[in-house]
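Chemist: I have a structure here, written as structure tokens, and I will follow up with some questions on it.
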Amino acid sequence: MASTYSTVEHLEDRTLLAGASLVNIEPNIDISLTEGEVYNQAPKELTFKFTPGQQIDAATLGGIQFVRSGLDGTFNDGNEVVIQPGYIGLGDSANEVIVRFAESLPDDNYQITIFGTGATPLLNQNGEAFQDGVDQVINFE
147 MASTYSTVEH
157 LEDRTLLAGA
167 SLVNIEPNID
177 ISLTEGEVYN
187 QAPKELTFKF
197 TPGQQIDAAT
207 LGGIQFVRSG
217 LDGTFNDGNE
227 VVIQPGYIGL
237 GDSANEVIVR
247 FAESLPDDNY
257 QITIFGTGAT
267 PLLNQNGEAF
277 QDGVDQVINF
287 E
């Protein structure tokens, strides 16, 4: 009688590696900052919450940029004003970033860009770019 047996090939464990994605932005004045939202009060602090389990690299927080339109409601005509936060750092969890503005934000249109591309993307501790190399833009006023 012929002997039959099966062999099982043992494969290495694989972990899906991916950069962080934005889950939510929580201003100190509302439940969440939503694309196109109009606020009657300027936020003084924003908490960015990224994918649970991600560990944001604090050295790459310059990958989050704040711009106001320069009082004309547009972002492509050269008179935009870059806003330097008074503070930007990691929150209580490694997947949170806290931003505090040094001054009250004037009544204007605002654009937040989180870079996944370019020279200074936001990275996690594994060196993976935000949204696997895709920028995200959020507008509010």
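Using the numbering used here, the first residue of the sequence shown is number 147, and each one after it goes up by one. Glycine residues also receive a C-beta, built at the ideal position from the N, C-alpha and C atoms.
Residues in the same chain with beta-carbon distance under 7 Å from G219, minus the five sequence neighbours each way, listed in chain order, please.
Modeler: Contacts found: N255.
Chemist: Do Q282 and L168 have their C-beta atoms closer together than 8 Å?
Modeler: In this structure, L168 lies closer than 8 Å to Q282 by Cβ.
Chemist: If you drop the 5 nearest sequence neighbours on each side, which residues of the same chain put their C-beta closer than 8 Å to that of I210?
Modeler: Closer than 8 Å at Cβ, skipping near neighbours: F194, I234, V243, V245, I258, T259, I260, F261 and L268.
Chemist: What are the boundary residues of the beta strand (DSSP E) that L236 is part of?
Modeler: Its beta strand (DSSP E) spans residues Y233 to L236.
Chemist: I need the DSSP call for L207, collapsed to helix, strand or coil.
Modeler: It is helical.
Chemist: Under 8 Å: do the segment 170-179 and the segment 213-231 share three or more Cβ pairs, one atom per stretch?
Modeler: The segment 170-179 is not in contact with the segment 213-231.
Chemist: Name the residue from D278, E287, I284 and N285 whose alpha carbon lies nearest to the alpha carbon of Q200.
Modeler: Cα-wise, what sits closest to Q200 is D278.
Chemist: Would G208 be called buried (16 or more neighbouring beta carbons within 10 Å of its own) or exposed?
Modeler: Answer is exposed; the Cβ neighbour count stays below 16.
Chemist: Please classify G224 as buried or exposed, where buried requires at least 16 neighbouring CB atoms within 10 angstroms.
Modeler: Exposed, by the Cβ-count rule.
Chemist: Can you tell me where the beta strand (DSSP E) holding T259 begins and where it ends?
Modeler: Y256 to I260 is the span of the beta strand (DSSP E), which, as asked, contains T259.
Chemist: Drop a sphere of 10 angstroms on the beta-carbon of P252, count the other beta-carbons inside from all chains shown, and report buried for 16 or more, exposed for fewer.
Modeler: Classification of P252: exposed, given that the 10 Å Cβ count is below 16.
Chemist: What separation, rounded to the nearest whole angstrom, lies between the Cα atoms of I284 and N272?
Modeler: The alpha-carbon atoms of I284 and N272 are separated by roughly 25 Å.
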